[in-house]
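Participant: Could you have a look at this structure, given as structure tokens, before my questions?
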DNA sequence: ATGGTTACGCTACGACTCGTAGCGAAAGCC
DNA sequence: GGCTTTCGCTACGAGTCGTAGCGTAACCAT
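Chains as they are written, first to last, in my numbering: chain Y, 1 to 208; chain F, 209 to 416.
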């Protein structure tokens, strides 16, 4: 989904294969070069298309990288493992696996950095990535409430706030752990995180 | 601290004022241009020094920005407000205030993104920023344990894991909330976050 | 088929930034 | 005063940027 095309009814249609090739080439370049040394000319070369074709579809490097990275997160799913704790551990491990890939690491943080001065880009990130993955939190929460592991929400407004908060805490913690602290997101860490989320600080990381 | 100078005993000494001017100019340029459009030539011009002087002190843009941003977080302190919950709320609000500044937003995320392909830069970030601010968690935790709000740690190894986890969860949540989700870190959100940290998911955001 | 319309590949362009080299002058220690 | 290092300045080749112009290719409507 490069951009919202007004869908012209006539003329030569845009090649869908070119889209896929460009996004794949972008991820490949992210792995080898990182964000700063990635150039659109290089991406065009890898994808086997002309540089001008690239500029016809995306406004610039930032938007291209957002679309290339967003595809990575669409494969996320919430496995039903029978309990809230197990569900959380499962999805966090999958999320961490995606974040371990270099194209996700360098691409995601770079566009977030760029979005601080570009409201349009920020909105693109929000709709393409953030809002899209909140479905995981909603699903996991509803599942836990059906199981009786979580109390029902007092009102819809509080429910929304709860979803937003959980999403920021979980996603933020995993991102910070793997990208900033540069520590492993392994089973030990995930178990500690889940314990903290479920029971709070009082229990401590060793208690379980 | 541009870099570890071997401290030559002879010759003209490096101007300390130039260091400060360069770092301040870097932050100023980050505000106006963001990371990608920031050029070292422009920073040198703003700081009133020659471009060559800049290259003599820092290897490149990444290292310069790390140092410029690291200074911002040194002003963080942990106010003693009498309870663990109040302490957390206080430091989170201060942290968010720093993250609200454009020079911190764009600079921090950009260098984190760059560090994914540069182990040296990653280490520089870890020592200059991350490890330095973990003191807040250690202090807050020790204080709460003295008050009896938190149980003592079973062993030093578990204590370290606990500090790392709390730091990633708190810092990650605040960063994710303000930079990725682009939501406000206000008193309402901080209260919900603190409640989640202390009591876990069971209580919900409305319970307090 | 034929003509209309749009996408495509290709080439070329001026403007800009990069990081480095070389120079003479300035600033501090012996 | 003599030595050493930093400083400001200028200049340089290399590389990237985003755009314009052109002829060709692909699809739709008649």
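All C-beta atoms, glycine included, are put in the ideal place defined by N, C-alpha and C.
Since the structure is predicted, the reported quantities are computational estimates derived from the model, not experimental observations.
Check whether the segment 316-332 of chain F touches the segment 347-357 of chain F, taking contact to mean three or more Cβ pairs, one atom from each stretch, closer than 8 Å.
Facilitator: no
Participant: Rank F/377, F/397, F/395, F/388 by C-alpha distance to the C-alpha of residue 185 of chain Y and give the top, closest one.
Facilitator: To locate residue 185 of chain Y, count along the first chain from 1; it is residue 185. Nearest of F/377, F/397, F/395, F/388 to residue 185 of chain Y, Cα basis: F/377.
Participant: Compare the C-beta of residue 400 of chain F with all C-beta atoms of chain Y and state if any pair is closer than 9 Å.
Facilitator: Within the second chain, the letter at position 192 stands for residue 400 of chain F. Answer yes: the Cβ-Cβ gap between residue 400 of chain F and chain Y drops below 9 Å somewhere.
Participant: Could you work out which residues of chain Y lie near residue 324 of chain F, taking near to mean beta carbons separated by less than 8 Å?
Facilitator: Against the second chain, residue 324 of chain F aligns to sequence position 116. Those within 8 Å of residue 324 of chain F in chain Y are 34, 102, 105, 106, 109, 179.
Participant: Give me the subset of the segment 160-176 of chain Y whose CB atoms are less than 8 Å from a CB atom of chain F, sorted by chain position.
Facilitator: 161, 162, 164, 165, 166, 167, 168, 169, 171, 172, 173, 174, 175, 176
Participant: Taking only three categories from DSSP, how would you classify residue 149 of chain Y?
Facilitator: Taking the first chain and counting its residues from 1, one reaches residue 149 of chain Y at position 149. Coil.
Participant: State yes or no: is the C-beta of residue 90 of chain Y within less than 9 Å of the C-beta of residue 78 of chain Y?
Facilitator: The sequence position of residue 90 of chain Y within the first chain is 90, counting from 1. The sequence position of residue 78 of chain Y within the first chain is 78, counting from 1. Yes, they are a contact pair.
Participant: Determine the contact status of residue 277 of chain F and residue 246 of chain F, defining contact as a CB-CB distance below 9 Å.
Facilitator: Taking the first residue of the second chain as 1, we reach residue 277 of chain F at position 69. Taking the first residue of the second chain as 1, we reach residue 246 of chain F at position 38. Their beta carbons are not under 9 Å apart, which means residue 277 of chain F does not touch residue 246 of chain F by this criterion.
Participant: Can you tell me which of F/229, F/243, F/294 puts its alpha carbon nearest to the alpha carbon of residue 255 of chain F?
Facilitator: Numbered from its first residue, the second chain carries residue 255 of chain F at position 47. Comparing Cα positions, the closest option is F/229.
Participant: State yes or no: is the beta carbon of residue 66 of chain Y nearer than 9 Å to at least one beta carbon in chain F?
Facilitator: Walking along the first chain from the start, residue 66 of chain Y turns up at place 66. Closer than 9 Å: no.
Participant: Tell me which same chain residues have a C-beta within less than 7 Å of the C-beta of residue 313 of chain F, skipping the five on either side of it?
Facilitator: Walking along the second chain from the start, residue 313 of chain F turns up at place 105. Result list for residue 313 of chain F: 307, 387, in chain order.
Participant: Using a beta-carbon distance below 9 Å, is residue 345 of chain F in contact with chain Y?
Facilitator: Here residue 345 of chain F refers to the residue found at position 137 of the second chain. No, no contact with chain Y.
Participant: Comparing alpha-carbon positions, which option in F/238, F/384, F/331, F/294 lies nearest residue 215 of chain Y?
Facilitator: Residue 215 of chain Y is absent from the model: chain Y starts at 1 and stops at 208.
Participant: Exposed or buried, which one is residue 365 of chain F when buried takes at least 16 other CB atoms within 10 Å?
Facilitator: The residue given as residue 365 of chain F occupies position 157 in the second chain. By the neighbour-count rule (16 or more Cβ atoms within 10 Å), residue 365 of chain F is not buried but exposed.
Participant: May I ask you to report which of helix, strand or coil DSSP gives residue 266 of chain F?
Facilitator: Taking the second chain and counting its residues from 1, the one referred to as residue 266 of chain F is at position 58. Coil.
Participant: Count the other C-beta atoms from every protein chain shown that fall within 10 angstroms of the C-beta of residue 172 of chain Y, then say buried if there are 16 or more, exposed otherwise.
Facilitator: As a first step, residue 172 of chain Y is located in the first chain; it is residue number 172 there, counting from the start. The Cβ neighbour count for residue 172 of chain Y, taken over all protein chains shown within 10 Å, is at least 16; the residue is labelled buried.
Participant: Using a Cβ-Cβ distance cut-off of 9 Å, determine whether residue 130 of chain Y contacts chain F.
Facilitator: Taking the first chain and counting its residues from 1, the one referred to as residue 130 of chain Y is at position 130. Yes, residue 130 of chain Y lies at the interface with chain F (some Cβ there is under 9 Å from its Cβ).
Participant: If you reduce the DSSP assignment to three classes, tell me which class residue 36 of chain Y lands in.
Facilitator: On the first chain, residue 36 of chain Y is found 36 positions in, with the first residue counted as 1. Coil at residue 36 of chain Y, not helix or strand.
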